[in-house]
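Trainee: The structure's right below; bear with me while I get my questions together.
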Amino acid sequence: MQRVAEWEHFSPWRRSGTSLRTRCKPGWRRCCALQVMALATEVKSKRILVTGGSGLVGKAIERVVAEGEGRPDEEWIFLSSKDADLTNAADTKALFDKHKPTHVIHLAAMVGGLFGNMKYNLDFWRNNVHINDNVLHSAYELKVQKVVSCLSTCIFPDKTSYPIDETMIHNGPPHESNFGYSYAKRMVDVQNRAYFQQHGCKFTSVIPTNIFGPYDNFNIEDGHALPGLIHKVYQAKKNGTALSIWGTGKPRRQFIYSLDLAKLFIWVLREYDEIDPIILSVGEEDEVSIKEAAESIVKAMDFKGEVIFDTTKSDGQFKKTARNSKLRKYLPDFKFTPFVQAVQESCDWFNANYDLARK
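Under our numbering, the first residue of the sequence shown is numbered 2, with each subsequent residue one higher.
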């Protein structure tokens with residue numbers, strides 16, 4: 002567990018360079034100390050618990066908070082799977098009782114790449130249903146003011162019109178390859194609406210497109226497409242072998258940089274008041290093919306070898322083009338990091354942190 006934005010960084014005496022001892026007369030020191038305690042309580046009026054805080058998005062939120070996005074009235078608590086088993090209701094309740102959050106960003110999930118999902122649909126369904134139900138019910142019992150949960154564009158119907166938007170989540174079955182994970186994530190939207198209808202809870206969710214960045218899971222078999230490609234290019238360059246990419250390279254995706262997503266998550270927590278979900282994505286015009294993404298990685302990693310597409314492997318869903326018009330209605334001027342720049346920064350991070358990266 003990690004905490005940021007502690008009180009000492011925001012003390013008015015620390016800012017002014019005046020100590021409590023020089024500020025208060027001897028007879029008034031106890032009174033001043035009590036005032037400090039009262040101010041500290043006021044400053045930390047929001048205690049924000051982040052589940053899945055050691056993962057891709059959690060680490061990105063932690064970084065942008067530390068780099069200036071945090072506010073004096075916010076205490077951020079980043080938790081990992083080491084802190085509690087969220088598939089266990091008693092463990093989850095104990096965690097909430099311990100930290101007593103006022104707000105929650107719920108990122109924790111059992112996640113995996115295309116082939117992991119295809120092989121273990123039941124596991125993805127059961128574990129994620131348990132996690133989500135335990136977190137939301139603990140938040141309800143503790144009277145948490147707001148919960149923002151993270152969904153995925155894979156929850157949308159396989160057979161649908163494009164671009165997809167927030168109103169289309171339940172219009173048909175998801176793609177067969179990851180139906181377990183997809184249905185489990187869909188149920189968060191159902192739970193949010195039910196908790197609001199029955200108890201007035203302010204629980205909402207976001208739907209990001211394909212996320213990538215530092216602290217991703219770079220496992221070639223279980224990770225998502227882009228971090229898996231980064232690791233493959235690294236290995237091919239190191240071993241002097243050809244780069245083999247699964248599939249045709251034709252499927253298209255909207256990739257969002259984790260640091261951009263982190264800023265949007267914080268905005269949703271503070272400002273977005275709807276129960277209905279909101280898509281967090283780059284625009285439709287910024288969609289790229291897997292082949293184009295691979296070419297950007299090859300350039301960023303300075304790989305000079307042969308590139309081969311293994312068409313015996315499945316492509317998965319061809320596209321999941323999402324409309325971000327709802328986001329743009331709220332934030333018309335938000336600037337996303339250019340894809341090529343974000344890829345370069347992600348590759349640089351992986352090269353510099355290879356021994357520590359998940360892979």
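The beta-carbon is built from N, C-alpha and C at its ideal position, and this holds for glycine as well.
Check whether the segment 186-196 touches the segment 342-358, counting contact only when three or more Cβ pairs, one atom from each stretch, lie closer than 8 Å.
Mentor: Cβ pair count under 8 Å is below three, so no.
Trainee: From I165 to V112, what distance separates their C-alpha atoms?
Mentor: By 1-based counting over the sequence shown, the position of residue 165 is 164. By 1-based counting over the sequence shown, the position of residue 112 is 111. Cα to Cα, the separation comes out at about 22 Å.
Trainee: Candidates T249, A195, R254, I309: which alpha carbon is nearest K233's?
Mentor: Position 232 of the sequence shown, counting from 1, holds the residue named residue 233. The residue with the shortest Cα to Cα distance from K233 is I309.
Trainee: Go ahead and pull the three-state DSSP assignment for V207.
Mentor: Position 206 of the sequence shown, counting from 1, holds the residue named residue 207. Correct three-state label for V207: strand.
Trainee: Name the one or two DSSP bridge partners that C151 has.
Mentor: To locate residue 151, count along the sequence shown from 1; it is residue 150. V207, per the DSSP bridge assignment.
Trainee: Just curious, the alpha helix (DSSP H) that R329 is in, first and last residue?
Mentor: Walking along the sequence shown from the start, residue 329 turns up at place 328. Where R329 is concerned, the enclosing alpha helix (DSSP H) stretches over 326-331.
Trainee: Please state the DSSP three-state secondary structure of Y184.
Mentor: As a working mapping, residue 184 is identified with position 183 in the sequence shown. Y184 falls in the helix class under three-state DSSP.
Trainee: Any idea what DSSP makes of S347, helix, strand or coil?
Mentor: On the sequence shown, residue 347 is found 346 positions in, with the first residue counted as 1. Residue state, collapsed to three classes: helix.
Trainee: Please report how far the alpha carbon of I132 lies from the alpha carbon of L87, in whole angstroms.
Mentor: In the sequence shown, counting from the first residue as 1, residue 132 sits at position 131. In the sequence shown, counting from the first residue as 1, residue 87 sits at position 86. Between I132 and L87, the C-alpha separation is close to 5 Å.
Trainee: Exposed or buried, which one is L152 when buried takes at least 16 other CB atoms within 10 Å?
Mentor: Within the sequence shown, the letter at position 151 stands for residue 152. Counting Cβ neighbours within 10 Å, L152 comes out buried, since at least 16 surround it.
Trainee: Taking buried to mean at least 16 other C-beta atoms within 10 Å of its own C-beta, is G54 buried or exposed?
Mentor: Here residue 54 is taken as the residue at index 53 of the sequence shown, counted from 1. Classification of G54: buried, given that the 10 Å Cβ count is 16 or more.
Trainee: By the three-class DSSP mapping on this structure, what secondary structure does N89 have?
Mentor: Locating residue 89 in the sequence shown gives position 88, counting from the first residue. DSSP places N89 in coil when its eight states are reduced to three.
Trainee: With respect to the alpha helix (DSSP H) encompassing D134, which residues constitute its N-terminal and C-terminal limits?
Mentor: Indexing the sequence shown from 1 puts residue 134 at position 133. Run containing D134: 122-142, per the alpha helix (DSSP H) assignment.
Trainee: With a cut-off of 8 Å on the beta carbons, I'd call I291 and P252 a contact; round off their distance for me.
Mentor: One-based indexing of the sequence shown puts residue 291 at position 290. One-based indexing of the sequence shown puts residue 252 at position 251. Right, the Cβ-Cβ distance comes to about 5 Å (below 8 Å), so this counts as a contact.
Trainee: Please state if the CB of H107 and the CB of V145 are separated by a distance shorter than 8 Å.
Mentor: As a first step, residue 145 is located in the sequence shown; it is residue number 144 there, counting from the start. As a first step, residue 107 is located in the sequence shown; it is residue number 106 there, counting from the start. Not a contact, by the Cβ cut-off of 8 Å.
Trainee: Relative to the alpha-carbon of S82, which residue among E68, G56, A61 has its alpha-carbon at the smallest distance?
Mentor: Indexing the sequence shown from 1 puts residue 82 at position 81. Ranking the options by Cα distance to S82, first place goes to G56.
Trainee: Taking the alpha helix (DSSP H) that F266 falls in, what are its first and last residues?
Mentor: Within the sequence shown, numbered from 1, the residue matching residue 266 stands at position 265. Run containing F266: 259-272, per the alpha helix (DSSP H) assignment.
Trainee: Mind listing, in chain order, the continuous alpha helix (DSSP H) runs of no fewer than 4 residues lying wholly within the segment 273-323?
Mentor: As far as the segment 273-323 is concerned, its whole alpha helix (DSSP H) runs of at least 4 residues are 291-301.
Trainee: Quick one, which of H171, F197, D124, N211 has its alpha-carbon nearest A323's?
Mentor: Within the sequence shown, the letter at position 322 stands for residue 323. Closest by alpha carbon: N211.
Trainee: Of the choices S282, K321, Q236, whose alpha-carbon is the least far from that of V299?
Mentor: For this step, residue 299 is matched to residue 298 along the sequence shown. If we check each option's Cα against that of V299, Q236 comes out closest.
Trainee: For a test of the three-state rule: what should DSSP assign to A358, helix, strand or coil?
Mentor: For the purposes of this step, residue 358 is taken as the residue at position 357 of the sequence shown. A358 falls in the coil class under three-state DSSP.
Trainee: Counting C-beta neighbours from all protein chains within 10 Å, is the total for A140 16 or more, i.e. buried, or is it exposed?
Mentor: Start at 1 with the first residue of the sequence shown, and residue 140 comes out as number 139. Under this definition A140 is a buried residue.
Trainee: At the level of alpha carbons, what is the spacing between A91 and H200?
Mentor: Numbered from 1 along the sequence shown, position 90 holds the residue referred to as residue 91. Numbered from 1 along the sequence shown, position 199 holds the residue referred to as residue 200. C-alpha separation (whole angstroms): 22 Å.
Trainee: Measure the Cβ-Cβ separation of L230 and I208 and say whether it is below 8 Å.
Mentor: Taking the first residue of the sequence shown as position 1, residue 230 is located at position 229. Taking the first residue of the sequence shown as position 1, residue 208 is located at position 207. No, they are not a contact pair.
Trainee: Suppose you measure from the CA of G28 to the CA of C202; what does that come to, to the nearest Å?
Mentor: Counting from 1 along the sequence shown, the entry for residue 28 is found at position 27. Counting from 1 along the sequence shown, the entry for residue 202 is found at position 201. Any reading at G28 must be qualified, since the residue scores a pLDDT of 46, below 50, and its modelled position is unreliable; no value is offered.
Trainee: If you draw a straight line from the C-alpha of A6 to the C-alpha of G71, how long is it?
Mentor: As a first step, residue 6 must be located in the sequence shown, where it is residue number 5. As a first step, residue 71 must be located in the sequence shown, where it is residue number 70. Low per-residue confidence applies at A6: pLDDT is 40, beneath 50, and the placement is therefore not dependable, though the value from the model is reported in the following sentence. Near 7 Å, if we compare the C-alpha coordinates of G71 and A6.
Trainee: Rounding to the nearest angstrom, what Cα-Cα distance links A85 and E63 in this structure?
Mentor: Position 84 of the sequence shown holds residue 85. Position 62 of the sequence shown holds residue 63. Each residue's Cα considered, the two are about 19 Å apart.
Trainee: Compare the beta carbon distance of L80 and V51 with 8 Å and say whether it is the shorter of the two.
Mentor: Taking the sequence shown and counting its residues from 1, the one referred to as residue 80 is at position 79. Taking the sequence shown and counting its residues from 1, the one referred to as residue 51 is at position 50. Contact flag set, yes.
Trainee: Who are the Cβ neighbours of A61 in its own chain at under 8 Å, not counting the five residues just before and after it?
Mentor: Within the sequence shown, numbered from 1, the residue matching residue 61 stands at position 60. Around A61: G214, P215, Y216, S259, L260, L262, A263.
Trainee: Quick check: what's the CA-CA separation for N128 versus A110?
Mentor: As a position in the sequence shown, residue 128 is number 127, starting the count at 1. As a position in the sequence shown, residue 110 is number 109, starting the count at 1. So the two alpha carbons sit approximately 8 Å from each other.
Trainee: Are the CB atoms of E293 and Q255 nearer to each other than 8 Å?
Mentor: Locating residue 293 in the sequence shown gives position 292, where the first residue counts as 1. Locating residue 255 in the sequence shown gives position 254, where the first residue counts as 1. Going by C-beta atoms, E293 is not nearer than 8 Å to Q255.
Trainee: Which residue marks the beginning of the beta strand (DSSP E) containing E63, and which one marks its end?
Mentor: Within the sequence shown, residue 63 is the residue found at index 62, counting from 1. Not the beta strand (DSSP E): E63 falls in the alpha helix (DSSP H), residues 57-65.
Trainee: Do you know how far the Cα of N220 is from the Cα of R359?
Mentor: Residue mapping note: residue 359 aligns to position 358 of the sequence shown, counting from 1. Residue mapping note: residue 220 aligns to position 219 of the sequence shown, counting from 1. If I take the Cα positions, the gap works out to 7 Å.
Trainee: Where does H171 fall in DSSP's three states?
Mentor: In the sequence shown, the residue the question calls residue 171 occupies position 170. H171 falls in the coil class under three-state DSSP.
Trainee: Rounded to a whole number of angstroms, what is the C-alpha to C-alpha distance between S206 and V269?
Mentor: Working through the sequence shown from its first residue, we reach residue 206 at position 205. Working through the sequence shown from its first residue, we reach residue 269 at position 268. Cα to Cα, S206 sits roughly 9 Å from V269.
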